[in-house]
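Student: I'd like to ask some things about the structure below.
Number of protein chains: 2
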Amino acid sequence: MPFPQTEQPGRLQAEFMSRGLRMTRQRKTILSVVETAKQHLDAAGILRRAQKVDPEIDRVTVYRTLNLLKRHGLVDELDLMHLQGEKHYYERRPQRDHIHMACLRCGKIMEFESDLFDRLKGQIQRDCRFHIVVSRFEVGGYCASCRSASSND
Amino acid sequence: MPFPQTEQPGRLQAEFMSRGLRMTRQRKTILSVVETAKQHLDAAGILRRAQKVDPEIDRVTVYRTLNLLKRHGLVDELDLMHLQGEKHYYERRPQRDHIHMACLRCGKIMEFESDLFDRLKGQIQRDCRFHIVVSRFEVGGYCASCRSASSND
DNA sequence: CACTACATGCAACTGAGTTGCGTTAAGCTT
DNA sequence: AAGCTTAACGCAACTCAGTTGCATGTAGTG
Numbered sequence: 218m219p220f221p222q223t224e225q226p227g228r229l230q231a232e233f234m235s236r237g238l239r240m241t242r243q244r245k246t247i248l249s250v251v252e253t254a255k256q257h258l259d260a261a262g263i264l265r266r267a268q269k270v271d272p273e274i275d276r277v278t279v280y281r282t283l284n285l286l287k288r289h290g291l292v293d294e295l296d297l298m299h300l301q302g303e304k305h306y307y308e309r310r311p312q313r314d315h316i317h318m319a320c321l322r323c324g325k326i327m328e329f330e331s332d333l334f335d336r337l338k339g340q341i342q343r344d345c346r347f348h349i350v351v352s353r354f355e356v357g358g359y360c361a362s363c364r365s366a367s368s369n370d
Numbered sequence: 218m219p220f221p222q223t224e225q226p227g228r229l230q231a232e233f234m235s236r237g238l239r240m241t242r243q244r245k246t247i248l249s250v251v252e253t254a255k256q257h258l259d260a261a262g263i264l265r266r267a268q269k270v271d272p273e274i275d276r277v278t279v280y281r282t283l284n285l286l287k288r289h290g291l292v293d294e295l296d297l298m299h300l301q302g303e304k305h306y307y308e309r310r311p312q313r314d315h316i317h318m319a320c321l322r323c324g325k326i327m328e329f330e331s332d333l334f335d336r337l338k339g340q341i342q343r344d345c346r347f348h349i350v351v352s353r354f355e356v357g358g359y360c361a362s363c364r365s366a367s368s369n370d
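Just so you know, the protein sequences line up as chains S and U, in that order.
Heads up: the first sequence begins at 218 in my numbering, then just goes up one per residue.
Heads up: the second sequence begins at 218 in my numbering, then just goes up one per residue.
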């Protein structure tokens, strides 16, 4: 085991292949970019990073691969309250779903897990007899630091 | 009082004007379209309905008016899980926030209010010291009728 | 009633994402 | 290992939603 981290590289690739999807040089690059991203990336950002590894990679391939990952539930698509235009952001689907909070002043994105959130989704599935495949809870507002800052400026 | 309904026409117009915003012929038309809509409309749909009243109205005016309403918190912008392309939908901001559920099979949109939802937002504000201005909780999945239908076809 | 600042309409533009198609290459099959 | 088939790739052209610049029109003030 050469990867002692909690989230070992290659796990996304492994899940991808275990679904019988064809692995290509380009997909390998894109998956590793998505997997190792430390922040939320949009398609253009993913392309830029992928091209540092393989300059031949095309933006169309990035879009097609992201659609594939989305359809297979391997990544989630986020809007992040459209703080910067209409583009989408992507993240590996986590074990446990979380809420995204976007600060309208500083643009910071925060994530928040909550029992209440899990219970709410359970309630929807039971009370509405609705089978949830994907969910997105995004919040726009003002973060703690911007709230205190706004009293000084 | 000529309007005995729960949601009397003109209330949106009244809120709009009470904010000191300039009322024009076009805005009056657009606001009444938004206010009386029985379903979630996108900008093109709002334009189409507005043009039935006033054919001179331009799509740019619709976009500008929707942006204005959004900035003033008088309407909410929805993605409805991007079931049909990337366009946005609009609804009057309700007294009590609700969740949108979009069926991936039949396209139906359902709304759901929940105490748990209200409590969850309260928790976010308290635990994260985050002041919520706007929130959007959208769910994609399969509705009750499509779940039972899918066993037969 | 006149003035001014803001709203409108038009046309041109932007930016994200998609499609068609000829070429390339995964990953089976033997 | 070579050949085969089917899917993925790269490129260019396109679509679609929404935005911007600017000249003209008009709401609301005084």
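Even for Gly, the Cβ is constructed at its ideal location relative to N, Cα and C.
Note that the coordinates shown come from a computational prediction; the quantities given were computed from them, not determined experimentally.
Within a Cβ cutoff of 7 Å, which residues of the same chain sit near U/Met183, ignoring the five residues on either side of it in sequence?
Tutor: Since the displayed chain U opens at 218 and closes at 370, residue 183 of chain U lies outside it and no answer follows.
Student: Find the nearest neighbour of U/Tyr410 within the set U/Asp344, U/Arg288 and U/Arg322, judged by alpha-carbon distance.
Tutor: It is not possible to answer for residue 410 of chain U, since the shown part of chain U is limited to 218 through 370.
Student: Just how far apart, CA to CA, sit U/Met327 and U/His257?
Tutor: Going by the C-alpha atoms only, they are around 11 Å apart.
Student: Please list the segments of the beta strand (DSSP E) lying wholly inside the region 221-304 of chain U, counting only runs of 3 or more residues, in order along the chain.
Tutor: DSSP runs (the beta strand (DSSP E)) wholly in the region 221-304 of chain U: 292-295.
Student: Can S/Leu229 be considered in contact with the ligand GTP, in the sense that its beta carbon sits closer than 8 Å to one or more heavy atoms?
Tutor: You won't find the ligand GTP in this model; it holds no ligand whatsoever.
Student: Output the distance between the C-alpha atoms of U/Asn284 and U/Asp293, rounded to the nearest integer angstrom.
Tutor: Looking at the two C-alpha atoms, the distance is approximately 10 Å.
Student: Tell me whether S/Pro219 sits in a helix, a strand or coil according to DSSP, three-state version.
Tutor: Because the pLDDT of S/Pro219 is 36, which lies under 50, any placement of that residue in the model is unreliable, and the number read from its coordinates should be weighed accordingly. It is coil, neither helix nor strand.
Student: With 7 Å as the limit, tell me which residues of the region 332-353 of chain S have their beta carbon closer than that to any beta carbon of chain U; keep them in chain order.
Tutor: Flagged, chain order: Leu333, Phe334, Arg336, Leu337, Gln340, Ile341, Cys345, Arg346, Phe347, His348, Ile349, Val350, Val351, Ser352 and Arg353.
Student: How about S/Phe329: is its C-beta nearer than 9 Å to some C-beta of chain U?
Tutor: S/Phe329 counts as touching chain U.
Student: Taking C-beta to C-beta, are U/Ala361 and S/Phe233 nearer than 9 Å?
Tutor: Their beta carbons are not under 9 Å apart, which means U/Ala361 does not touch S/Phe233 by this criterion.
Student: On the three-state DSSP scale, how would you describe S/Cys320?
Tutor: It is a strand residue.
Student: Once DSSP output is grouped into helix, strand and coil, what is the label at U/Ser362?
Tutor: Correct three-state label for U/Ser362: helix.
Student: So if I threshold CB-CB distances at 9 Å, which residues from the region 275-297 of chain U count as touching chain S?
Tutor: Those residues of the region 275-297 of chain U that come within reach of chain S (Cβ to Cβ, closer than 9 Å) are Glu294 and Asp296.
Student: Whole-angstrom Cβ separation of S/Leu333 and U/Leu337, contact assumed at under 8 Å?
Tutor: With a Cβ gap of about 4 Å, S/Leu333 and U/Leu337 count as contacting.
Student: For S/Gln268, which residues from the same chain have a beta carbon less than 7 Å from its beta carbon, with the 5 sequence-adjacent residues on both sides left out?
Tutor: Excluding positions up to five away in sequence, the list reads Ile274.
Student: According to the Cβ coordinates, are S/Ser331 and U/Ile349 closer than 9 Å?
Tutor: No, they are not a contact pair.
Student: Would you say S/Gly302 reaches chain U, if we count a Cβ-Cβ gap shorter than 9 Å as a contact?
Tutor: Output row for S/Gly302: interface = no.
Student: The beta strand (DSSP E) with U/Phe347 in it runs from where to where?
Tutor: Segment: none, U/Phe347 is in no beta strand (DSSP E) and carries neither H nor E.
Student: On the DSSP letters alone, give me the boundaries of the beta strand (DSSP E) that S/Arg309 sits inside.
Tutor: Taken as a continuous stretch (DSSP letters only), the beta strand (DSSP E) holding S/Arg309 covers Tyr306 to Arg309.
Student: If we define contact as Cβ-Cβ less than 9 Å, is S/Glu355 a contact residue for chain U?
Tutor: Taking Cβ atoms only, chain U reaches closer than 9 Å to S/Glu355, which makes this a yes.
Student: Hey, U/Thr246 and U/Asp271 are a contact pair by Cβ (cut 8 Å); roughly how many whole angstroms apart?
Tutor: Indeed they touch by this definition, with Cβ atoms about 5 Å apart.
Student: Cβ of S/Gly237 less than 9 Å from any chain U Cβ?
Tutor: Not closer than 9 Å to any Cβ of chain U, the Cβ of S/Gly237 fails to qualify, so no.
Student: Cα separation between U/Gly339 and U/Ser352?
Tutor: Roughly 12 Å between the two C-alpha positions.
Student: At which residues does the beta strand (DSSP E) containing U/Glu330 begin and terminate?
Tutor: Taken as a continuous stretch (DSSP letters only), U/Glu330 belongs to no beta strand (DSSP E), as it is neither H nor E.
Student: If we cut at 9 Å on Cβ distances, does U/Leu258 have a partner in chain S?
Tutor: Not closer than 9 Å to any Cβ of chain S, the Cβ of U/Leu258 fails to qualify, so no.
Student: Just mark U/Val277 as buried or exposed, buried being the case when its beta carbon has 16 or more other beta carbons within 10 Å.
Tutor: With fewer than 16 other Cβ atoms within 10 Å, it is exposed.
Student: Name, please, each residue of chain S whose Cβ falls closer than 9 Å to the Cβ of U/Gly262.
Tutor: Going along chain S, no residue has its Cβ under 9 Å from U/Gly262, so there is no contact; the nearest lies around 18 Å.
Student: Is the shortest distance between the beta-carbon of S/Ile326 and the beta-carbons of chain U less than 9 Å?
Tutor: By this cut-off, S/Ile326 is not an interface position.
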